[in-house]
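Residue numbers (UniProt numbering): 1 to 384. Beta carbons are placed, not taken as given, at the ideal position from N, Cα and C, and that holds for glycine. Here the structure is a predicted model, which means the values were calculated and not measured. Comments concern the structure below.
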């Protein structure tokens with residue numbers, strides 16, 4: 001997203017992170033972590049590598065990002081934990097959902113009863129037994145997952161929680177080395193990114209921006225003094241660029257990026273991440289990106305509208321081989337899924353893209369490149 005910046009991360013930054021995380025995330029000696037993220041990403045370097053080494057546990061590396069290969073590795077290595085990104089959990093959930101839908105009516109009813117009636121009131125040990133068939137697909141030894149780098153879909157979080165495979169979501173940036181807050185086995189709250197790390201200060205500015213101060217905050221950007229001064233103020237607070245809020249129990253919720261905020265002609269504001277939540281749960285979408293687009297309507301020319309780019313899943317392609325029928329089905333699915341949102345937050349423009357969306361190494365969608373792609377497609381369609 002823009003010109004690359006060299007974030008200066010010191011040994012002190014990393015040492016503070018590892019020492020602090022080891023006190024709260026309960027990594028045990030002799031456990032096995034399966035590593036799927038690049039070590040150039042600080043989330044994997046700290047959470048999947050350094051913490052594992054510090055605890056005396058084993059790390060298993062695999063060279064595939066296909067869910068079936070990851071699950072096979074977890075089973076072969078008897079994995080007990082893994083650090084991953086939301087895309088992985090979403091894909092696995094959809095695979096399980098599809099298999100359940102294809103099973104017999106009796107099996108579907110049994111799963112529905114266990115998932116909706118029993119799981120919400122049963123302790124995690126009982127849930128592991130109730131859904132042991134699913135646990136065996138992960139090797140049968142997984143205690144928990146850690147998620148970061150992008151927002152975790154609430155429906156996905158609830159799903160894994162109910163089947164006894166909790167996902168503890170954290171929050172941070174490369175500039176915070178990277179974890180600033182995290183949910184743990186002892187302290188977690190659904191839909192949040194947990195509580196700030198010990199000896200870490202997190203506060204919300206007047207405009208809603210999340211500010212972080214602590215020993216894990218970067219010294220700045222390499223040879224970019226102006227950008228460093230913009231990001232870290234005179235009091236040592238790092239301005240994250242994220243919007244957030246604290247609940248009454250002290251758990252932090254991230255509401256989106258300041259720069260992603262869509263401002264409509266009416267003055268109302270829409271966070272793309274909020275609109276993406278219900279859409280990501282659809283089995284018909286492989287990828288989803290919501291962003292502000294300039295309206296082509298003459299009456300609203302120059303104003304922003306809520307746009308949505310979707311990549312059809314293999315299931316959707318099988319159901320709708322005709323491109324025109326596919327486009328109509330995708331639009332209908334977007335509108336149906338977004339009925340839970342206020343009318344002004346619902347996408348008024350839906351674009352179906354056949355290729356993969358541009359992403360980072362941790363599969364976070366690059367919105368700026370998606371916007372450029374969409375603008376080019378819209379210009380081509382408008383010219384024809």
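For residue 283, the secondary structure class from DSSP, reduced to helix, strand or coil, is coil.
Pairing residue 358 with residue 375, the inter-Cα distance amounts to about 15 Å. Sorting 190, 82, 149 and 240 by C-alpha distance to the C-alpha of residue 360 places 149 at the top. Scanning the region 249–330 from its first residue to its last, the whole beta strand (DSSP E) runs of 3-plus residues come out as 252–257, 285–294 and 304–312. DSSP places residue 69 inside the alpha helix (DSSP H), whose first and last residues are 67–76. In this structure residue 51 is buried. Its beta-carbon is surrounded by 16 or more other beta-carbon atoms within 10 angstroms. In this chain, residue 209 is not harboured by any alpha helix (DSSP H); it is covered by the beta strand (DSSP E) spanning 209–213. Approximately 6 Å separates the beta-carbon atoms of residue 188 and residue 168; this is inside 8 Å, confirming the contact. Here residue 237 is near residue 212, since their CB atoms are less than 9 Å apart. A contact is defined here as three or more CB-CB pairs under 8 Å, and the region 4–13 fails this definition with respect to the region 128–141.
Distance from the CA of residue 293 to the CA of residue 344, rounded to the nearest whole angstrom, comes to 14 Å. Counting only the Cα atoms, residue 65 lies some 20 Å from residue 160. Our two residues, residue 283 and residue 371, have alpha carbons roughly 24 Å apart in a direct line.
Residue 201 carries a strand assignment under DSSP once its states are collapsed to helix, strand and coil. When C-beta atoms of the region 139–159 are compared with those of the region 87–103, three or more pairs fall below 8 Å, so the two segments count as touching. For residue 225, the three-state secondary structure derived from DSSP is helix. Ranking 183, 202 and 177 by CA distance to the CA of residue 166 puts 183 first. DSSP links residue 349 through a beta bridge to 307. Here residue 147 is buried, its C-beta having at least 16 other C-beta atoms within 10 Å. Burial is judged here by how many other beta carbons sit within 10 angstroms of a residue's own beta carbon; residue 109 has fewer than 16 and is exposed. Taking residue 59 as the centre and dropping the five residues before and after it, the same chain places the C-beta of 33, 35 and 52 closer than 6 Å to its C-beta, in chain order. Listed in chain order, the non-local C-beta contacts of residue 39 below 7 Å within the same chain comprise 45 and 49, local neighbours out to five positions each way being set aside.
Shown here for residue 151: same chain residues with a beta carbon closer than 6 Å to its own, the five before and five after excluded, namely 273 in chain order. Cβ atoms of residue 288 and residue 280 come within 8 Å of each other, at about 6 Å.
With distances taken between CA atoms, residue 348 lies nearest to 304 out of 312, 304 and 144. An exposed status is given to residue 206, since fewer than 16 other beta-carbon atoms sit within 10 Å of its beta-carbon.
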